[in-house]
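For the sequence shown, the positions run 1 to 578 when my numbering is used. For glycine and all other residues, C-beta sits at the position ideal for the given N, C-alpha and C.
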Amino acid sequence: MRFDPSSRYSACRVLYILPGNDFESFVASNLLTLRFSTDVLVIGSGAAGLATALHLSPHARVIVLSKDDIRGGSTNRAQGGVATVSQPADSVDAHVHDTVVAGAGLCNEKIVRYVVSRARQAIAHIEDLGLEFDQQDNGPHLTREGGHTHRRVLHVADTTGHAIATTLINRVLSDVKIRILTKRVAIDVVTTGKPTPNDSQTMGAYVFNAETGNVEVIEARYVVLATGGASKVYQYTSNPDGSTGDGIAMAWRAGCRVANMEFNQFHPTCLYHPDARSFLISEAIRGEGGKLVLGDGKRFMERFDPRAEMAPRDVVARAIDFEMKRLGLECVYLDVTHLPDKKIEQRFPNILKTCLGVGIDMRRDRIPVVPAAHYTCGGVLVDERGQTDIDGLYAVGETAYTGLHGANRLASNSLLECLVFARSVADDIANEISDNRDNRGDIPDWDESRVTDSDENVILSHNWSELRRCMWNYVGIVRTNKRLERAARRIGLLKQEVHDYYSNYRVNSDLIELRNLIHVAELMVQAAQWRRESRGLHYTLDYPQSRADARPSILYPVVDPLDVLQPINRYTNHSKSR
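Given below as structure tokens:
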């Protein structure tokens with residue numbers, strides 16, 4: 001078991017390292033505890049995290065943590081674009097309206113307008129950094145995606161996320177006030193541990209170094225959670241392996257509220273092929289005229305929604321799921337064979353290349369597609385500054401619940417949210433950072449004196465697979481009370497197993513991520529059981545209608561020994577593990 005939280009320090013020697021010094025190998029070889037000190041710790045290296053770091057660098061020292069190489073993550077995979085009003089026929093009111101309609105009555109319209117009205121500022125900033133969106137003769141080339149009433153999506157071919165990520169990375173790597181630490185997995189946020197979260201302050205975080213196998217301490221006045229979403233909790237997903245809900249789980253364990261966790265978006269069209277798992281077929285293809293058809297070539301979307309293929313994602317995903325189950329199909333098809341070859345080649349070069357790589361020529365062949373978990377619409381509850389319930393702890397991007405997306409996200413609003421709230425978070429921190437008050441104390445060392453190396457890692461891989469199958473089968477596109485009850489029981493057992501494992505063995509990346517996935521899965525099920533209606537991405541056969549009194553689902557943290565809180569005790573006086 002872990003050390004008594006009343007003991008502030010372990011016997012381990014301590015070495016303080018300021019950003020810019022690279023003594024990791026020396027520290028590891030001499031059994032020292034590696035500590036970093038910085039003004040702001042940004043956990044996550046996607047668009048939200050990197051944009052936040054760049055806005056902060058004129059005001060503060062910043063450390064950015066990346067699970068893997070800085071070029072990984074969900075931003076790099078985003079194909080669609082950034083929604084913003086760019087033409088006279090369009091308007092902020094129209095963009096707000098489309099967002100609210102897609103959100104099925106649960107959007108915070110004040111926040112929607114806040115984001116949409118700042119879109120041009122966000123676009124101007126990323127363009128100033130060097131990004132060039134696709135152009136046509138009379139200005140930017142705009143595309144239209146599901147749920148939008150106008151062409152308003154700026155893009156870079158079908159690799160917009162990659163272009164944004166590359167632009168941000170190039171600037172971050174040349175900024176002397178930003179340090180990037182790769183191969184690091186955050187374990188927990190550390191707070192001062194006052195009686196209630198609102199009295200607590202952020203102190204920093206415990207971080208696992210996947211290269212050395214050691215746990216490090218990063219002390220910071222401010223921590224920004226930008227870890228992305230949690231769609232890896234499902235068996236089939238468009239997300240990279242690192243989308244394990246780390247920021248949401250850490251914030252919950254630290255004492256923050258979360259909201260709307262029942263709303264996980266399933267993208268309607270993920271490529272169905274064994275050699276190209278998790279590859280997304282952009283919604284922009286339907287915006288340019290692509291049609292969804294069954295094996296016999298017949299369209300079916302008109303039977304579900306008058307907007308047909310241009311309906312919001314929740315509607316299209318449910319329709320595909322219904323047809324697949326009704327007819328016993330493995331997939332449906334996306335047909336663009338009627339579009340000119342040149343248009344396909346110019347507008348969707350990456351999708352064309354990937355399809356050709358698995359033997360599908362989308363200019364001649366229909367593309368087999370299935371729905372897959374894609375985006376976490378809920379998250380850590382924040383205000384318009386990105387501030388959570390804990391002083392100094394922020395969340396931004398897919399990790400956060402801002403109120404923008406409601407019960408379903410409008411296409412191409414996610415990158416926009418990242419860019420807008422990155423500035424909001426940075427501005428709020430910059431306004432406070434000149435205050436030199438800092439009486440938080442020091443973070444206790446990570447103590448592994450009572451744990452051993454595991455010889456049963458098979459438990460992790462087995463539980464990882466079981467959890468993801470459970471969530472796909474019981475907490476997927478269509479739900480029932482019985483399915484949710486089954487999921488809750490199984491997740492409870494998995495949580496106990498992982499708690500025992502975590503308490504007795506040294507941590508590794510797989511254990512940290514599985515622990516987070518289980519906590520997030522539990523939150524998803526609890527929120528889904530609370531919502532006794534069907535709305536947006538939450539559709540249940542037991543309550544197929546929507547209620548008139550729509551409101552977000554807000555979960556409040558409670559003391560649960562199985563949440564294995566950090567060693568600084570927050571609510572009780574008895575000892576807890578880690």
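- With at least 16 other beta carbons inside 10 angstroms of its own, His405 counts as buried.
- With fewer than 16 neighbouring CB atoms inside 10 Å of its own CB, Gln545 falls in the exposed class.
- In the DSSP assignment, Arg221 falls within the unbroken beta strand (DSSP E) covering Val215 to Leu225.
- Taken atom to atom, the span from the alpha-carbon of Leu339 to that of Arg363 is near 8 Å.
- Boundaries of the alpha helix (DSSP H) harbouring Asp314: Arg313 to Leu327, taken from the DSSP string.
- Distance from the CA of Arg286 to the CA of Ala311, rounded to the nearest whole angstrom, comes to 10 Å.
- With a threshold of 16 other beta carbon atoms within 10 Å, Thr480 falls short and is exposed.
- Under the three-state reduction of DSSP, Thr354 is assigned to helix.
- With fewer than three CB-CB distances shorter than 8 Å, the stretch 302 to 322 does not count as touching the stretch 380 to 391.
- Per the coordinates, the alpha-carbon of Ser534 lies some 12 Å from the alpha-carbon of Leu106.
- Below 8 Å, enough C-beta pairs join the stretch 83 to 99 and the stretch 108 to 124 to call them touching: three or more.
- Asp314 counts as buried, since at least 16 other C-beta atoms from the protein chains shown sit within 10 angstroms of its C-beta.
- Residue range Asn264 to Leu271 is occupied by the beta strand (DSSP E) that includes Cys270.
- Look at the stretch 458 to 516 and you find these whole runs of alpha helix (DSSP H), each 4 residues long or longer: 458 to 474 and 481 to 504.
- Around the Cβ of Gln121, a 10 Å sphere holds fewer than 16 other Cβ atoms; the residue is exposed.
- When secondary structure is reduced to three states using DSSP, Gly204 falls in the strand class.
- In this structure, the CA atom of Lys495 is about 33 Å from the CA atom of Ala319.
- Counting along the chain, Phe421 sits inside the alpha helix (DSSP H) bounded by residues Ser414 to Glu432.
- Between Gly392 and Thr227, the beta carbon gap of about 17 Å keeps them out of contact (Cβ cut-off 8 Å).
- Taken through DSSP and simplified to helix, strand or coil, Asp199 comes out as helix.
- In the DSSP assignment, Arg277 falls outside any beta strand (DSSP E), carrying neither H nor E.
- Remark: fewer than three beta-carbon pairs, one from each stretch, lie closer than 8 Å, so the stretch 70 to 90 and the stretch 199 to 214 are not flagged as touching.
- Ser57 sits in coil when the DSSP states are folded into three classes, being neither helix nor strand.
- Per DSSP, His405 has no beta bridge partner at all.
- Within the same chain, Thr402, Gly403 and Leu404 come within 6 Å of Ile111 by CB-CB distance, once the 5 residues on both sides are set aside.
- Under the Cβ criterion (8 Å, minimum of three pairs), the stretch 498 to 515 does not count as touching the stretch 473 to 488.
- If only uninterrupted alpha helix (DSSP H) runs of at least 4 residues are considered, those enclosed by the stretch 69 to 106 are 92 to 102.
- Rounded to whole angstroms, Gln235 and Ala220 show a C-alpha spacing of 36 Å.
- Residue range Val332 to Asp335 is occupied by the beta strand (DSSP E) that includes Tyr333.
- A straight line joining the alpha-carbon of Gly397 with that of Met250 spans about 15 Å.
- DSSP places Gln346 in the helix class (H, G or I) of the three-state scheme.
- Under the three-pair Cβ rule at 8 Å, the stretch 358 to 374 counts as touching the stretch 262 to 269.
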